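K.L.:
Residue numbers (the working numbering): 672 to 808.
1) With a Cβ-Cβ cutoff of 9 Å, do residue 766 and residue 716 count as a contact?
2) For the beta strand (DSSP E) holding residue 742, just list the boundary residues, first then last.
3) Whole angstroms are fine: how far does the CA of residue 736 sit from the CA of residue 709?
4) For the alpha helix (DSSP H) containing residue 795, name the first residue and the last one.
5) Tell me whether the beta-carbon of residue 752 lies closer than 9 Å to the beta-carbon of residue 804.
6) According to DSSP, which residues form a beta bridge with residue 766?
7) Check residue 806 in the structure and name its three-state DSSP category.
8) With burial defined as no fewer than 16 other Cβ atoms inside 10 Å of the residue's Cβ, what is the status of residue 790: buried or exposed?
9) Can you name, in chain order, every residue of its own chain whose Cβ lies under 6 Å from the Cβ of residue 740, other than the five neighbours on each side?
10) Taking the alpha-carbon positions, what's the residue 726 to residue 758 distance?
11) Spatial neighbours of residue 795 within its chain, please: C-beta separation below 6 Å, excluding the five flanking residues on both sides.
12) Between 718, 777, 764 and 798, which has its C-alpha nearest residue 746's C-alpha?
13) Could you tell me the boundaries of the alpha helix (DSSP H) in which residue 761 lies?
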């Protein structure tokens, strides 16, 4: 219920408060609500994986790899889409949105394992294209 309320609040803010040059996604509100379910499940899965990885590091069962900052391209995300991407990533332990560089069109994330920055970028790209874009472009 809380997730649906949050989705509604974000949609309201996007529509009313943000002047967005991008057209609304195809399919209308009904399809966006339906698409929110797989998006929220994907985010919950990411949170579960991040929680497990951080727990293993804290318990000393896995060494801390190479934490660092990774620049993830904004691509075709709207301002609201960037905000949702940052929020979704920050919900997961081990990942934090540090800044958005609008001039370079990148989001800067601190990740607990940055040994393969391309894999981090690919993860964000897939989550956006498969799930988020249909709900929060």
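All residues carry an ideal CB built from backbone N, CA and C; glycine is no exception.
Small disclaimer: the values here were computed from a predicted structure and weren't measured.
P.N.:
To lay it out plainly:
1) For the purposes of this step, residue 766 is taken as residue 95 along the chain shown, with counting starting at 1. For the purposes of this step, residue 716 is taken as residue 45 along the chain shown, with counting starting at 1. No, these two residues do not count as a Cβ contact at 9 Å.
2) Taking the first residue of the chain shown as position 1, residue 742 is located at position 71. Looking at the DSSP string, the run of the beta strand (DSSP E) that includes residue 742 is 739-744.
3) Numbered from its first residue, the chain shown carries residue 709 at position 38. Numbered from its first residue, the chain shown carries residue 736 at position 65. Cα to Cα, the separation comes out at about 30 Å.
4) Here residue 795 refers to the residue found at position 124 of the chain shown. Taken as a continuous stretch (DSSP letters only), the alpha helix (DSSP H) holding residue 795 covers 788-801.
5) Residue numbering aside, residue 752 sits at position 81 when the chain shown is read from its first letter. Residue numbering aside, residue 804 sits at position 133 when the chain shown is read from its first letter. Yes, the Cβ-Cβ distance between residue 752 and residue 804 is below 9 Å.
6) Taking the chain shown and counting its residues from 1, the one referred to as residue 766 is at position 95. BP columns for residue 766 point to 782.
7) As a working mapping, residue 806 is identified with position 135 in the chain shown. Coil.
8) Looking up residue 790 in the chain shown gives position 119. The residue is exposed, with fewer than 16 neighbouring Cβ atoms inside 10 Å.
9) Within the chain shown, the letter at position 69 stands for residue 740. Hits under 6 Å: 779 and 781.
10) Residue numbering aside, residue 726 sits at position 55 when the chain shown is read from its first letter. Residue numbering aside, residue 758 sits at position 87 when the chain shown is read from its first letter. The alpha-carbon atoms of residue 726 and residue 758 are separated by roughly 21 Å.
11) In the chain shown, the residue the question calls residue 795 occupies position 124. Taken in chain order, the residues that qualify are 743.
12) As a position in the chain shown, residue 746 is number 75, starting the count at 1. Measuring from the Cα of residue 746, the nearest candidate turns out to be 777.
13) To locate residue 761, count along the chain shown from 1; it is residue 90. Looking at the DSSP string, the run of the alpha helix (DSSP H) that includes residue 761 is 750-761.
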